[in-house]
Every structure is written in C-alpha cells, then in structure tokens.
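Beneath this line is the structure, given in structure tokens, with notes to follow.
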Amino acid sequence: MAYLFVGIFLSLIGYMVYFNFKLKDDVINSPYNSRQNAYEERIVRGEIRSNDGTVLAQTQTDAEGNETRVYPMGNVFAHVVGYMASGKSGLESSENYTLLTSHANPVEKVTNEFKEVKNQGDNVITTLDANLQQVAYDALQTNGAVVVMEPDTGKILACVSKPDFDPNTLAEQWDEIVNDSENSSLLNRAFQGLYPPGSTFKIVTSLAYLRQFGTLDGFSFDCEGELTAGGYTIHCYNSNVHGHEDFADAFANSCNTAFSQIGLSLNGDQFAQTAEDLLFNKELPLELPYSKSSFSLNDSTADALTMQTAIGQGDTLATPIHMAMIASAVANDGVLMTPYLVDRVESYTGTVVRETKQQEYDTLMTASEAETLTQLMRGVVENGTAKPLQEVPVPVAGKTGSAEHGDLSEPAHSWFVGFSNVDNPDIVVCVIAEKAGSGSEAAVPIAKKIFNAYYNN
Amino acid sequence: MVTVIVNLSRYLILILMLLYTLQCFSVFGKKNEEDKRNVMRKQIVSTLFMDFVAFLVMYLQTEDIWMGYGCAAVFGYIIGVQVLYRIFYPKASLLLVNNMCMLLSIGFIILARLDMDSARKQYLIAVAGTLISLVVPVIVRKVRSLKNLTWLYAVAGIGMLGVVLVLATVSRGAKLSIEIGGITFQLSEVVKITFVFFVAGILRKDTSFRNVAVATVVSAAHVLILVASKDLGSALVFFVAYLVMVYVATKKLRYAAAGLAGGCVASVGAYYLFSHVRQRVITWKDPFAVYNEVGGGYQVAQSLFAVGAGGWFGMGLFEGTPEKIPIAKKDFIFAAICEEMGGLFCICMLLVCMSCFLMIINISMRMNNRFYKLIALGLGAEYAFQVFLTVGGSVNFIPLTGITLPLVAYGGSSVIATILVFAIIQGLYILREDEGEQIEKQKHKKDKPKKPTKPRGGKYRKEDEEYGEKSLEEKIREQTEKSLNW
C-alpha cells in the first residue's frame, strides 16, 4: 500500500513530464489563452509565407521599436492568413503561439534575454500557392469562395473568400466592417459559409443510389422538364426537357427531375447514412474555424422534401471546403487526406522546427465507388454542363450546381466542384459564386482559369 | 542588471531546490548519525539560500521594502524552529522539520508574490501554529489516555462538521467554513485529525467485524456530511484514510476491496445524483469545450495556461501573470508556482511532499503500539491523498475537487492543522526513539550475561520476551521490509 501512494506521487510527476512534453503546446495555443500576449513582449512575431516564399504577413519594427504587422498581399489572402486587430483570425490566430515562439539558437536567445533584445519568432510556411490564390481571387468577381487543394496530399493551395477586407487597415475600419451585417466581410466563406449545395450534392445522391442498388446500370428515365410527387413539383433548371436518360446522362445534364425520382426511390435512413459517411453533420479535420455541414432526412420525410434534398436543396447546407473534401476523396480512390494549411514551421534562420505529416483522415468510399463517381463527373465535362473545361490541358471531372437560395427572384448560387487529370488527379477546385446564375455560367469559367493557371505555370 | 539577476535566479532557485530534494533522499542512505546531521544542516542552508534569492528578486522587481522584511521574517522562523526543536526535542525527525520549513517557505514566497497581506497573515498564523504545536509531542508522549477518548473524537468530529453544514456561508458552491468573531474557521481541517484518532482508537484492540462495522458507520457519517456540504475533496480524503487504516488494522483484503467497491458505487451514484459532480467530470474531459459555461472549464483552463506558460523552468518571479488564475492563493497555488518557478521546481516540490509521506509511513511501520501506528498511517494517507487531489486537479490529471496544498496554500486552518499533524508525527517519532533506546539498553544488558539480571517489573518482562531474541538492527531491517510490503 505504501507503494500505491508512492505510485500516485510518481503518476503526478509523470503527468507533469507528459504535460510539458506533449500537451503544453496545444494548451498554450488555445484561443482562450490570454497569456499569449505576454510573449509579444519578448518575441518579434514571425512571418507567414506562401509555399514559394512569398511573404504574406510580417512584423516591421521602426527605429523607435514600434511594431507594425504588414500584409504585403493585402486583400488576396485576407481570410486565410487572417488579421490582428481586435482579436485575431485565420492563421494569425491558429498559429499565434507558433509565431510567438522562437527556436533561434539558444545561445543567441539567452544573450538577447540578457541584452533585453527581443528574439525573432518562428516563421510559418503555408501550403498556399501565391499564384493560384491570385488567379482565383481575380477570377471570382462576385461574393463567394474558392478552395483549391491537392487530393493526394491534403495541401490546401488556395482559399479565397469574398467580400474581403484589407488586413493592413482593418483596425481603422473595424467598426465600419463589423457593423456591416449585409456583407459580413470578415467571415471566411470558404470554411464557414453554409450554402445549399445544389446539384453538386448529386455526387452524394449518386453514391447513395449506388450503395443501395449496387449498380447504376438499371436506371433509365424520361425527363419531361418537371416531376410532381406528394403535391410538389420539381422543375429542371430553366425548365429544360432532357428526354430519355440513363444515370450518367441524368448526372451530366444535372437533371433535377431524374434525381428527384432517384431520391424518392432511396431509403431515407440509408441516404442519411451515406451523407454522414461523407461528413455531413460531422466535425471536419480542419485547423481554422469552420461550420458543420448539415443534412437531415429519414424514412418518414415527406416526398417534397425528399425530392429537394436529392438535388441538394431542402435543408441541406454545405461549406465550400467540405465539398472540396468530398471531391478530393473521389479523386483519391475514396481516401480523404487530412487538409492542411501549414506545411512547416521554420526558425527565422531557416531551420525546420516542425513539419506537417500528410495523413489519411478516413476512407469515405470504396475505390470502386470512387471510380464510378469519377466516371459520372467525367461525363459532366465531356457532354454535360461543364463542357468548357475540355479546353484545360488535362482531362477534368466535376459537377456543376445552381443552388436556389432564400430569394427566388435573384439568380442562383453558381457552384463547381471537380478535379483535373482524372487518371492521376493533381488538384481539386471548388468554386461558389453567390447569385451569379447557373454553374456553367459563372463557376465553370472561374474553375477553368484556375486549372489553366495551374498547368501553364 | 535586474534582468540578468532575475534570469539567473530562476536557475539558481531551481538548483537549490534540486539539491534540497536530493538530500531528502540521500539521507536514507547515510548510516552514520553525524553524516545525517550534516545533510540536515545542508538542507537548512539550501532552504535559507533559496528564500534569500527569491525575496531578493522580488525586492528588485517591486522595490517593496516588505520583501526585505519578509525575507528576514522567514529566516527568523526557520532558524527559530530549528533551534527550538533542537532544544526541546533533540530526538525529533529533523528531516520532517526541514521539509515543513521548506514547504512553508515555498508558500511564503508565492504568497508574497501574489499578495503581501495574505503572506503576512499566513506567516503570523504559521508562527502561532508552530508555537502551539511545540507542546503536542509532549502530550502525545505523556498523555496515555489519548487512546481512550475514541467516542469523544467521533462526537467532536461529527459535531464540528455538522455545525459547518448548518451554519456555514456558501463559498464557490461549497460550505467550507464558519465565521466566529470575524475569523473564519475551516473545521474540516481539524476534523481530519480527530477522525484519524477516532478510527485508530476504535480499531486499536478489536478488529472484529462488529467493530469494523461501527467504525464504518461513523466514518460514513463524516463523509456524508462533507458530501452534503459539497466539500468533495475532504470527503475523498477522509474516505481514503479510513480505507487505509481499516485495511492495515485488519489485514483483510476483502474489507479493502469492499470499501473500494463501495467507494466506486458511491462515486457513480454521486455522478448521477449531483449536477456539480457531473459538471466536474465533464470539465475534466475537456475544459476548453465548456470554457464559457457556468461552473465550466474556465478555472482549470486558466490553471493549465499558467502551468503551460511556466514550462520546465518557469517565467521567473514577477515575470508571469499568475493573478489571472482564479483562487491562485488556495486551490490553484500549484499552478501559480508552476508558472513562475517552473515545472521542474514543482516536481521537486512533489518529491519533498513524497519524502514527508515516506517519513510518516516509516514511523508508522516502526511503532509497536497499534493506536500510534494507525494514527501515523491515517495522517500520512490523508496528507498524501490531499496532495494528489489538489495537484492532480490543478493540472487536470483528475477532476477538480477543490482542496488546498498542505502548508503551501493560503489558509489559516489548513496551515495550523497541518503543522499540528507534523507535530503529532514528531511526537510519535520521539516515542519510537524512546522505544529504540529501551531495546538498546536491554541489548546492552544481554551483552553482559555474567552480571546477574535483576528481577524487573512485569511491565518490562513482556517486552523482553518479545524482543529479547532479536538485535536492534535485525528488528529495524525486518520492520523496514514490512513497511515496504504491507
């Protein structure tokens, strides 16, 4: 029994050691920790850089020792890099502790401590590609968001959100921007914007169908431009009439009536299970604050709502990053790589302090399911709603969406999500342009610019 | 220049603490009495030097002359205690005296850092407590009737806890203390002692099932009143002390197992019955998830931020922001120490606490009288478990129970009670030394067989029969083995 008590003392000591080695960084990095500011008195905040070394944020010290945080790329990286005004956001917030930690040479650090000179904090090297980000930023002319990521690594190459702000002058405009509830410019729509996914959701519906029936082959449908069930009528976009279709045609044409019919044939609970397998209603493995996508359906859902849900309307909401992650899993044989923004952390002299390991987050679908979905998405580019993407140097697969939102008198939200180089996918692009019309009208051209920029570089 | 001294002092204080801790354990290896005394003297020097450095740094940081007075006062206390013990109780355990001085010193330093008024109050109470405690070893040694007052302890204990339950003002959701004439008393601290005396008294002769059952009922009454007062930490401490004492008194594993099972059932019951218990567990699982809730993770999170900020070496005195920790002077004093003096320092402090516990257990194992043996054991278990609960809670190793670090944390009742506990242990230690000398004398007589043995009183004859065959060394060796294996 004496051993037992000695044991509890030793367990406490063991935990102290464990805490200092393992848990400390996470604890200190908590956004609730107001002690971080104390570090600012000892450390010059490090830089945030793109993957090619472009400086995205740095601290400049004038002759009198006053520090200013400067964002050379201004609005382009505003949301993802974040700001330091009243509080912090983006990487400035999530990597706050990293930026305020110095892994400079210990001798130099101690010397500086005694000289009362601030030490230089570590630099955060992101996965962001300055060129792609700029192209995406320029291409997106309306409010909305763009996410570009590598499906086989999880690297996020671009993350644009509009409307934006200039982090360099945010402090002066703070009240004005915060009080402008119309635009909510500070919101990172790529991670936190919840949109009806519209027809991009047909990827999920197709997977549910595939899982329930084992094959897509038996399906055929005659589209008359509208379908009525349970007293509710669904129209195809612009009341197009698609005629006789098999599953691939219906997917390529983004035929709402066909997919309403598919939705009605699905078991509600299994459909919901598939959506949750694809991380609807689930936490996502992301470093920055995000919103949880939502999906609700069960066996007793009324026909009207089932039909809407099957075409990505109804109560379904998704974030652009989430749709990009689904496409990423399709592109990567069903395996979702954990998305990440911080490639590595270096001391100011360039010694690597910490490097993000690429890791599989989860297998969202089997390789053969991923292959079937890829074929469907390939059809969208070959003979469906995303034909302009045939001009990209490599084969592209994707899905467009025209999502209706609150105000039906306004144009739909324009979606595209897809990936390039179908056999050995390079990048996933997800675009949403708010109130910009159909997917083909707005989002596809934006995606095209991004794909072309990637391959022409 | 000040920066240089502050930076150097962090490491210097740590080195002194390391030395002190090493000496705590190296003394067990020393055979020679003079060597031991040497180590003890070194420990005093380490303590004094550490106090000096700490108060000097705090003076440089604040230029508050009270830091100077504080240093002098702490020196006065330590030297005074050491001299008094050497005069009145030359046979006392010097290691225990040193540890008491060290732990109080750490408390004084961090309290002076946090709030000079509290430090002054704490100091005066510690001095008063120490003076009172000087008579305790005499009482333990001379007043043989202590063991016959079993039911008085029970009545007094339950009575005091009952008074707190009925009259106490609620602080932080728990009823802990009552106020008499402007002074608050946390009676559960005193009851910790009477409780151990009660259990030891009732189990000293008779460990029949009936007697154990009676002890259990009375102990349960103590614990339940504490639970009703929402003083969960104390309730757990009492429970563990009871369990340990019953097990050692009866040597029956099934009692311990039954008690442990009962404790588990009670914990699960408490979890479902009381929302505040549930809240503690939820907070423990992820303090940051419930950060903003009432009674949520705010306290523990602030404590963890402090421990994290301190890292291995600490920020240095007056370089951190321990004032951000809620109730930093009491429940979370460990976090405050971690922040400014560092994780390594705190680990050393834990080792010092462990050395106190081992010393107490060592004494318990060498006592022949079961009453005294159980008392030492019960007090030791209470002390160790209290350290575990408060430190574990501060670093979120276990759910928070709201209890303070003995001798270090601010709180008059707690300091006085713990000093009394240490004094009682000293009394037992001295008793044991007396016994040892008797044995030695007898051994001496045996060495001279030609001298005719005078017939002695019956009082000694029994002991002679028991111990006459074994040498003192053998006996100590045997007892030490026992102490490690019981």
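Residue numbers (this note's numbering), protein chains in the order written: chain A, 551 to 1007; chain B, 3 to 488. Glycine is no exception: its CB is placed at the ideal position from the N, C-alpha and C atoms. Please read all numbers here as calculations on a predicted model, not as lab measurements.
Burial state of residue i (16 or more Cβ within 10 Å)
i: residue 935(A); result: buried
i: residue 420(B); result: buried
i: residue 603(A); result: exposed
i: residue 266(B); result: exposed
i: residue 295(B); result: exposed
i: residue 119(B); result: exposed
i: residue 321(B); result: buried
i: residue 455(B); result: Here residue 455(B) scores only 47 on pLDDT, less than 50, and its place in the model should not be relied on; the value that follows carries that caveat. Exposed: under 16 other Cβ atoms inside 10 Å.
i: residue 401(B); result: buried
i: residue 871(A); result: buried
i: residue 36(B); result: exposed
i: residue 656(A); result: exposed
i: residue 270(B); result: exposed
i: residue 974(A); result: exposed
Whole-angstrom distance between residue j and residue i, CA atom to CA atom
i: residue 202(B); j: residue 151(B); result: 11 angstroms
i: residue 364(B); j: residue 194(B); result: 21 angstroms
i: residue 991(A); j: residue 290(B); result: 45 angstroms
i: residue 601(A); j: residue 683(A); result: 11 angstroms
i: residue 762(A); j: residue 799(A); result: 20 angstroms
i: residue 932(A); j: residue 919(A); result: 20 angstroms
i: residue 592(A); j: residue 568(A); result: 26 angstroms
i: residue 896(A); j: residue 654(A); result: 9 angstroms
i: residue 31(B); j: residue 101(B); result: 18 angstroms
i: residue 461(B); j: residue 80(B); result: Bear in mind that a pLDDT of 44 at residue 461(B), under 50, signals an unreliable position, so the model cannot answer this.
i: residue 817(A); j: residue 810(A); result: 13 angstroms
i: residue 66(B); j: residue 113(B); result: 14 angstroms
i: residue 587(A); j: residue 843(A); result: 33 angstroms
i: residue 625(A); j: residue 712(A); result: 9 angstroms
i: residue 830(A); j: residue 848(A); result: 14 angstroms
i: residue 860(A); j: residue 280(B); result: 42 angstroms
i: residue 91(B); j: residue 50(B); result: 22 angstroms
Cβ pair residue i, residue j closer than 9 angstroms
i: residue 372(B); j: residue 434(B); result: no
i: residue 409(B); j: residue 417(B); result: yes
i: residue 745(A); j: residue 607(A); result: no
i: residue 792(A); j: residue 770(A); result: no
i: residue 339(B); j: residue 351(B); result: yes
i: residue 142(B); j: residue 405(B); result: no
i: residue 996(A); j: residue 969(A); result: no
i: residue 869(A); j: residue 886(A); result: no
i: residue 76(B); j: residue 107(B); result: yes
i: residue 941(A); j: residue 1002(A); result: yes
i: residue 633(A); j: residue 642(A); result: yes
i: residue 307(B); j: residue 407(B); result: no
i: residue 109(B); j: residue 247(B); result: no
i: residue 726(A); j: residue 673(A); result: no
i: residue 197(B); j: residue 244(B); result: yes
i: residue 396(B); j: residue 436(B); result: no
Element boundaries [alpha helix (DSSP H), containing residue i]
i: residue 340(B); result: 335 to 343
i: residue 44(B); result: 35 to 64
i: residue 951(A); result: Unbroken run through residue 951(A) is the beta strand (DSSP E), 946 to 953; no alpha helix (DSSP H).
i: residue 576(A); result: 574 to 578
i: residue 919(A); result: 917 to 933
i: residue 623(A); result: Residue 623(A) -> no alpha helix (DSSP H), and no H or E assigned at all.
Limits of the beta strand (DSSP E) - the one that residue i falls within
i: residue 849(A); result: First-last for residue 849(A): undefined, no H or E at that position.
i: residue 107(B); result: Note, residue 107(B): premise wrong, no beta strand (DSSP E); alpha helix (DSSP H) at 96 to 116.
i: residue 894(A); result: 892 to 896
i: residue 912(A); result: 910 to 913
Near the ligand HEM: residue i beta-carbon under 8 angstroms from a heavy atom
i: residue 401(B); result: Judged by which ligands are present, the structure shown has none, so any question about the ligand HEM falls away.
Practice item. Closer than 8 angstroms, Cβ to Cβ, to anything on chain A: give me those residues from the stretch 386 to 405 of chain B, in chain order. Key: 386, 387, 389, 390, 393, 394, 397, 399
Practice item. Output, in sequence order along the chain, the residues in the stretch 578 to 598 of chain A whose CB is closer than 8 angstroms to any CB in chain B. Key: 578, 580, 582, 583, 584, 585, 588
Point to revise | Where the stretch 641 to 654 of chain A meets chain B: residues whose CB sits under 8 angstroms from a CB there | key: none
Check your understanding: Taking a cut of 7 angstroms between CB atoms, which residues from the stretch 561 to 580 of chain A lie near chain B?
Key -> 562, 563, 565, 566, 569, 570, 574, 577, 578, 580
Practice item. For the stretch 292 to 322 of chain B, enumerate the residues whose C-beta is nearer than 7 angstroms to any C-beta of chain A, in chain order. Key: 293, 303, 306, 307, 309, 310, 311, 313, 314
Exercise for review: Determine which residues of the stretch 13 to 31 of chain B have a Cβ less than 8 angstroms from any Cβ of chain A, and write them out in chain order.
Suggested key: none
Check your understanding: Between the stretch 45 to 71 of chain B and chain A, which residues of the former have CB atoms less than 7 angstroms from a CB of the latter, in chain order?
Key -> none
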